[in-house]
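Just so you know, we're using this note's numbering here: the sequence shown kicks off at 22 and counts up by one.
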Amino acid sequence: HPWAEMPVATDFLNRCQRWRFRVPVSLDRWRLERVRCSAEGLETMYQRQPGGTASRFAERVKQVFNRTPVFNLVSGGNEGVVFIPWAKFTLQDEAAPDAGTQLMQAVSWFQSRQVSFSLSEVKTPPVMPGNDAGTDGVQPIQDWHEYTFSITDKHMPEWILQGLAMQGVRLSSVAYTLSPQGQFTYQIEGHLYAKE
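Next up, the structure:
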């Protein structure tokens, strides 16, 4: 199952939250603009403010994160990106609920949290005749459905997802965008898996 190759949602959220609290909102006249957690690691994006320089920001990033930021110096060097790779997650291949149950509980949960969300089914492309080389003509039977969901909200992802039944739920990314007024907007991208 594809969810067996993705981090368990609660582990993903916990790691993202721990790292998020370590990210300074400002580094030597560079303002945090965006933080994005993925299975591979944490990416931060900073925007240069008046008086800030790329070289001072790079020095400060080295002190705080022990990393070297990436700049596009040719286009002005006004944006600095820092990527921090994570250790591998422990993976799990739990049984997923049936599609009706999975969709009903997820949709009802998001509604109870009063968040706007989008949900769509991922259709498996049909196998075309002649594309079965090396498999002796036998195609594996897919015994699951996949749905993707996206939520953008002012509430923290931990609050939005706390209490949601997480069987067959996986997160692909959690992003935090900081407005110039100091307000965070959170975006959650994920997958719901359900048995046939």
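Glycine included, every Cβ here is placed at the ideal spot set by N, Cα and C.
| Query | Result |
| --- | --- |
| Please determine, among 145, 122 and 206, the residue with the shortest C-alpha to C-alpha distance to residue 54. | 206 |
| Pick out the complete alpha helix (DSSP H) segments inside the region 65 to 151, 4 residues or longer, and give them in chain order. | 75 to 86 and 120 to 133 |
| What residue range does the alpha helix (DSSP H) around residue 33 cover? | 30 to 41 |
| What first and last residue would you give for the beta strand (DSSP E) that runs through residue 167? | 165 to 174 |
| Taking Cβ positions, are residue 197 and residue 41 nearer each other than 8 Å? | yes |
| Among the candidates 120, 135, 104 and 131, whose CA atom is the shortest distance from the CA of residue 18? | Because the chain in this structure spans residues 22 to 217, residue 18 falls outside the shown range and cannot be described. |
| If we call anything under 8 Å between Cβ atoms a contact, is residue 164 one with residue 210? | no |
| In its own chain, which residues sit with a C-beta less than 6 Å from the C-beta of residue 12, not counting the 5 before and 5 after it? | Residue 12 falls outside the range modelled here, since the chain spans only 22 to 217, and no answer is possible. |
| For residue 53, report the span of its alpha helix (DSSP H) as first-last. | First-last for residue 53: 51 to 59, but that is the beta strand (DSSP E), not the alpha helix (DSSP H). |
| Taking residue 200 as the reference, give the member of 67, 141 and 99 with the closest Cα. | 67 |
| Starting from residue 260, trace the alpha helix (DSSP H) both ways and give me its first and last residue. | Here the chain covers residues 22 to 217 and nothing more, so residue 260 does not appear. |
| Based on DSSP bridge pairs, tell me the residues matched to residue 196. | 57 and 208 |
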